[in-house]
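Going by this note's numbering, the sequence shown runs without a break in its numbering and finishes at 341. Ideal Cβ placement from N, Cα and C applies to all residues, glycine included.
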Amino acid sequence: MIKNTCKEGGKPSFFKGETMKIILSTDNAHKLNEIGELLEGKVQLLSKTEAGFGDLHPVEDGDTLEANAFIKIKDILCDADDIVIGDDTGLFVHALNGEPGVYSARYAGPEGNDEKNRKKLLKALDGVEDRSAYFKTVIAVKRGEENYTVEGICRGKIIEEERGNSGFGYDPLFVPEGEEKTFAEMSDEQKNAISHRGRALQAFIKSINLA
Numbered sequence: 131m132i133k134n135t136c137k138e139g140g141k142p143s144f145f146k147g148e149t150m151k152i153i154l155s156t157d158n159a160h161k162l163n164e165i166g167e168l169l170e171g172k173v174q175l176l177s178k179t180e181a182g183f184g185d186l187h188p189v190e191d192g193d194t195l196e197a198n199a200f201i202k203i204k205d206i207l208c209d210a211d212d213i214v215i216g217d218d219t220g221l222f223v224h225a226l227n228g229e230p231g232v233y234s235a236r237y238a239g240p241e242g243n244d245e246k247n248r249k250k251l252l253k254a255l256d257g258v259e260d261r262s263a264y265f266k267t268v269i270a271v272k273r274g275e276e277n278y279t280v281e282g283i284c285r286g287k288i289i290e291e292e293r294g295n296s297g298f299g300y301d302p303l304f305v306p307e308g309e310e311k312t313f314a315e316m317s318d319e320q321k322n323a324i325s326h327r328g329r330a331l332q333a334f335i336k337s338i339n340l341a
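Right, dumping it as C-alpha cells:
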C-alpha cells in the first residue's frame, strides 16, 4: 500500500490561510509546465511523485478519454479540501473515423513514441484530401467526495509535413482553425490561449473558483 503523504494531521489545506494543493496524476514535465503557467502561482502544484505517489502506474485501458482520466486519479488520496486531477487527450481525425482517438499516445505501439506516432499518422493520411481533425482533452477532478470532468476541444487540420520545434505529441502536424502556425510553432502563451488542454484547464480553474 502506498502511503498518503499529502495529509498533514488531517487538517484541510485552507486551514488558517494555507494554499490549496492540486495534485496532478503525472510527472510529465510538459503538462506540469502548461498547468503551472495557467495557475500563475495561485495554488501549490504537486506532481504525482512530489505528492508521494510516484509508484502508481495505472493501466489506461479505458474505452474513452473520460475513463482513462478517472483511472489516473482513482488511487490517489488526499485531504478533503485538496484536489487531484488527471487528464487524457486524444486526436480525432475525421478521415480516419476518429483515429487515433483514445489511442493517440500509443498509436504506433505501446511505447508511446511521439515521432513514430506522427509518421504513422502521415502515412495513414497520404493522398487524403480531408485532413480535418480535432484535439480533445478531458480532465477528471476529485475533490473530497466530489468527482467530475471538464473538457476542452480545439478544431483544426493535419498538415502534410512537420513544422516547428516546440510542444510535443502531434503538435508539429496540427494547425488550429483560424491560425497559420502549428502548435509547435507557437509560443507557450499562444498555444495555451487556444489549445484543447488550455481550454480544459480554464474550465477546471473556473470550476474551483480560481478564475
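Practice task
Identify which residue in Val258, Cys284, Ile153, Leu340 has its Cα closest to the Cα of Lys204.
Solution key: Ile153
Exercise for the section: Could you check which residue in Leu207, Met316, Ile288 has the C-alpha nearest to that of Lys151? Expected result: Leu207
Exercise for the section: Would you check if there are 3 or more beta carbon pairs closer than 8 Å linking the stretch 292-312 to the stretch 248-266? Expected result: yes
Practice task
Pull up the distance between the alpha-carbon of Asp185 and that of Ala159, whole angstroms please.
Solution key: 17 Å
Practice task
Specify whether the stretch 190-201 and the stretch 245-263 touch according to this definition: at least 3 beta carbon pairs, one from each stretch, less than 8 Å apart.
Solution key: no
Problem - Simplified DSSP assignment, three categories, for Lys311 - result: coil
Handout entry: Those runs of the alpha helix (DSSP H) which lie wholly inside the stretch 231-307 and span at least 4 residues
Key = 244-254
Problem - Nearest residue (CA-CA) to Glu259, options Ala225, Ser296, Gly216, Leu195 - result: Ala225
Exercise for the section: On a CA-only basis, which of Ser296, Gly242, Arg248, Gln332 is nearest Ile269? Give me that one, please. Expected result: Gln332
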